[in-house]
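I have placed the structure first, in the form of structure tokens, so that the comments after it can refer back to it.
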Amino acid sequence: MYDCMLEALSLGPRPVREGPTTPTVSTACMLRASSAFPAAVPPVLAPWSDWGMVAPACALQRRPAPLDSPSMEMQSTSSEEHSPSSASPPLPPRIYKPCFVCQDKSSGYHYGVSSCEGCKGFFRRSIQKNMVYTCHRDKKCVVNKITRNRCQYCRLQRCLEVGMSKESVRNDRSKKKKDVPRVELVELPPAPPELEDLTSRVCRAHQETFPNLCQLGKYTMTNGSGQRVTLDADLWDKFSDLSTKCIVRTVEFAKRIPGFSTLAIDDQITLLKAACLDILILRICTRYTPEHDTMTFSDGLTLNRTQMHNAGFGPLTDLVFAFASQLIPLGMDDTEAGLLSAICLITGDRPELEDPSKVDRLQEPLLEALKFYVRKRRPSKPHMFPKILMKITDLRGISAKGSERVITLKMEIPGSMPPLIQEMLENSDGPEALTSTSGGSCTTTGQPNVSTTQPAATASQPATTVGLESSPTAVAP
């Protein structure tokens with residue numbers, strides 16, 4: 112091919128011959144010509160074909176194709192596809208009517224009518240939360256873009272008048288609930304028999320020493336101040352008597368926990384004194400009634416927030432009620448409350464324990480029992496167990512302030528502090544005894560869990576020890 116090109120360039124153009132010609136070309140030129148061009152050579156390429164040569168590619172590129180050639184049709188079709196001028200024009204933006212409620216700029220049709228985002232959200236919240244509004248005028252307030260937030264009653268009535276549908280809000284809410292992906296429930300293996308037995312024993316100990324709220328006949332105390340005062344003497348007398356009974360029941364609960372009685376007596380006292388207030392707060396908070404903001408004691412006495420403050424809780428009141436509100440979403444039952452109380456009690460990080468490792472070994476099966484029970488009861492909520500367990504930290508913070516409250520309370524009460532309350536709830540460094548009242552033990556009359564024939568506690572034998580050494584009989588609610 113290269114030789115052919117040189118020959119053509121040296122000879123220059125040749126005249127066009129008439130009639131068919133038989134060019135003499137090399138094999139390579141024939142192969143290339145046959146593969147690249149048609150057999151009939153167009154007249155424009157005649158000067159090259161006379162010499163048995165193939166026209167260069169540039170000559171083909173300059174040659175315009177016939178209008179009816181297939182290649183032209185393909186090129187035109189391809190160019191039309193990529194030409195921006197051939198694209199369909201964009202659709203004009205949708206224009207909505209003004210908001211039927213306040214005449215503001217509408218964002219579309221919501222709940223059946225053209226409305227703005229503000230009125231749409233207001234109507235949805237009002238229906239979903241069953242809001243009840245009040246008009247402070249004549250229920251004929253003007254609702255427009257400027258005044259729509261002034262009267263919620265008239266705005267809601269205007270939404271209903273223009274045709275907003277309550278049913279559309281409810282259907283939209285139920286649809287969103289259906290769209291929530293379902294959590295695949297993982298079938299948990301059955302708990303070992305020893306954990307099942309431990310769970311049932313702790314639950315039974317909790318129920319027999321702490322009656323359920325539905326088992327109590329509630330009553331209130333109407334006398335006293337309706338405002339917060341430093342201390343109400345009548346409420347304090349009643350509260351201190353009930354607190355002593357609750358402490359006795361807490362000691363009885365501890366004795367029924369498997370393994371607790373095997374600990375050294377000093378370790379039992381240390382654990383009880385450290386955790387007694389934790390357990391008392393946890394128990395009273397499970398008897399919280401949010402509808403009336405009241406708490407109920409074991410004999411049925413029901414006090415509101417102000418009465419609890421005046422009875423001796425003082426600055427601790429709001430902390431306790433806040434903790435009670437946090438327990439409501441957890442939905443704890445008697446078994447979970449009992450196991451959590453046992454875990455609060457049997458904790459190896461209490462100071463001055465003689466054998467903390469043994470205490471930790473007793474706590475491990477309690478933790479496992481609570482984990483198995485919580486996950487079995489709530490298979491779709493795997494994070495509920497750590498949430499419940501974290502409440503121990505909150506309890507410790509409240510009880511630390513409660514110990515300080517006992518110290519300040521001694522300066523406010525008219526008489527002396529009941530010895531069992533002082534010994535169990537006041538923050539002390541160890542199990543050294545505080546003497547009990549003269550003439551007998553510190554247990555409450557009428558409580559059969561502690562024998563009334565026990566000798567009086569001495570300086571070497573705390574009042575708590577008397578309760579621990581007694582036989583674990585049932586406690587009357």
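Heads up, the working numbering is the position in the sequence shown plus 111, with the first residue counted as 1. All C-beta atoms, glycine included, are put in the ideal place defined by N, C-alpha and C.
Check whether the segment 379-394 touches the segment 472-485, taking contact to mean three or more Cβ pairs, one atom from each stretch, closer than 8 Å. no
Label glycine 423 either buried or exposed according to how many other C-beta atoms from any shown protein chain fall within 10 Å of its C-beta, with 16 as the threshold for buried. Along the sequence shown, one-based indexing puts residue 423 at 312. Buried, since its Cβ has 16 or more Cβ neighbours within 10 Å.
Per-residue burial, isoleucine 532 [other beta carbons within 10 Å of its own, 16 or more giving buried]: Counting from one through the sequence shown, the residue named residue 532 turns up at place 421. The residue in question, isoleucine 532, is buried, as its Cβ has 16 or more Cβ neighbours within 10 Å.
Relative to the C-alpha of valine 313, which candidate in Arg416, Ser225, Ser510, Thr361 has its C-alpha closest? The sequence position of residue 313 within the sequence shown is 202, counting from 1. Residue Thr361 is the option with its Cα nearest to valine 313.
Can you give the Cα-Cα distance for lysine 492 and leucine 506, rounded to whole angstroms? Here residue 492 corresponds to residue number 381 of the sequence shown, with the count starting at 1. Here residue 506 corresponds to residue number 395 of the sequence shown, with the count starting at 1. Cα to Cα, the separation comes out at about 23 Å.
How should histidine 221 be labelled, buried or exposed, when 16 other C-beta atoms within 10 angstroms of its C-beta is the threshold for buried? As a working mapping, residue 221 is identified with position 110 in the sequence shown. Histidine 221 is buried by the Cβ-count criterion.
Indicate the three-state DSSP secondary structure (helix, strand or coil) for serine 225 in the structure shown. Here the question's residue 225 lines up with position 114 in the sequence shown. Correct three-state label for serine 225: strand.
Where asparagine 255 falls: helix, strand or coil (DSSP): On the sequence shown, position 144 is the one that residue 255 refers to. Three-state DSSP puts asparagine 255 in coil, outside helix and strand.
According to DSSP, which residues form a beta bridge with glycine 219? Counting from one through the sequence shown, the residue named residue 219 turns up at place 108. Answer is Ser226.
Buried or exposed, going by whether 16 or more other CB atoms sit within 10 Å of the CB of valine 470? The residue labelled residue 470 in the question sits at position 359 within the sequence shown. Its Cβ being crowded by 16 or more others within 10 Å, valine 470 is buried.
Separation of proline 529 from methionine 495, as counted between CA atoms: Reading the sequence shown from its first residue, position 384 is the one you call residue 495. Reading the sequence shown from its first residue, position 418 is the one you call residue 529. Methionine 495 and proline 529: Cα-Cα distance of roughly 39 Å.
Give me the Cβ distance between valine 212 and arginine 281, rounded to the nearest whole Å; I'm assuming they're in contact under 8 Å. Position 101 of the sequence shown, counted from the first residue, corresponds to residue 212. Position 170 of the sequence shown, counted from the first residue, corresponds to residue 281. Actually they are not in contact, since the Cβ atoms of valine 212 and arginine 281 sit about 19 Å apart, beyond 8 Å.
Would you kindly work out how many angstroms separate the C-alpha atoms of asparagine 415 and glutamate 534, rounded to a whole number? Stepping through the sequence shown from its first residue, residue 415 is reached at position 304. Stepping through the sequence shown from its first residue, residue 534 is reached at position 423. About 27 Å.
To which residues of the same chain is cysteine 270 closer than 7 Å at the C-beta, ignoring the five residues directly before and after it? For this step, residue 270 is matched to residue 159 along the sequence shown. So the qualifying residues of the chain are Val212, Cys230, Phe234.
Within 7 Å of any Cβ in chain C, is that where the Cβ of phenylalanine 211 sits? The structure shown contains no chain C, having only a single protein chain.
Taking a contact to mean a Cβ-Cβ separation below 7 Å, would you say cysteine 396 touches alanine 453 in this structure? As a first step, residue 396 is located in the sequence shown; it is residue number 285 there, counting from the start. As a first step, residue 453 is located in the sequence shown; it is residue number 342 there, counting from the start. It is not a contact, given that the beta carbons lie outside the stated cut-off.
Cβ-Cβ separation, leucine 427 to lysine 502 (assumed contact under 8 Å), whole Å: Mapped onto the sequence shown, residue 502 falls at position 391. Mapped onto the sequence shown, residue 427 falls at position 316. Not confirmed; about 17 Å, so no contact.
Closer than 7 Å by C-beta to phenylalanine 350: which residues in its own chain qualify, once you throw out the five before and the five after it? Chain order, please. One-based indexing of the sequence shown puts residue 350 at position 239. Cβ neighbours of phenylalanine 350 beyond the five flanking positions: Ala422, Gly423.
Proximity to isoleucine 457 [Cα-Cα], best of Leu374, Thr417, Lys487, Ala511: Start at 1 with the first residue of the sequence shown, and residue 457 comes out as number 346. When each option's Cα is compared against that of isoleucine 457, the closest is Leu374.
By a C-beta neighbour count over all protein chains shown, 10 Å radius and 16 as the cutoff for buried, is glycine 274 buried or exposed? Counted from its first residue, the sequence shown places residue 274 at position 163. Exposed, because fewer than 16 other Cβ atoms sit within 10 Å of the Cβ of glycine 274.
How long is the line joining the alpha carbons of leucine 441 and isoleucine 499, rounded to whole angstroms? Residue numbering aside, residue 441 sits at position 330 when the sequence shown is read from its first letter. Residue numbering aside, residue 499 sits at position 388 when the sequence shown is read from its first letter. Whole-angstrom Cα-Cα distance: 7 Å.
Where leucine 374 falls: helix, strand or coil (DSSP): Locating residue 374 in the sequence shown gives position 263, where the first residue counts as 1. Here leucine 374 sits in coil by DSSP.
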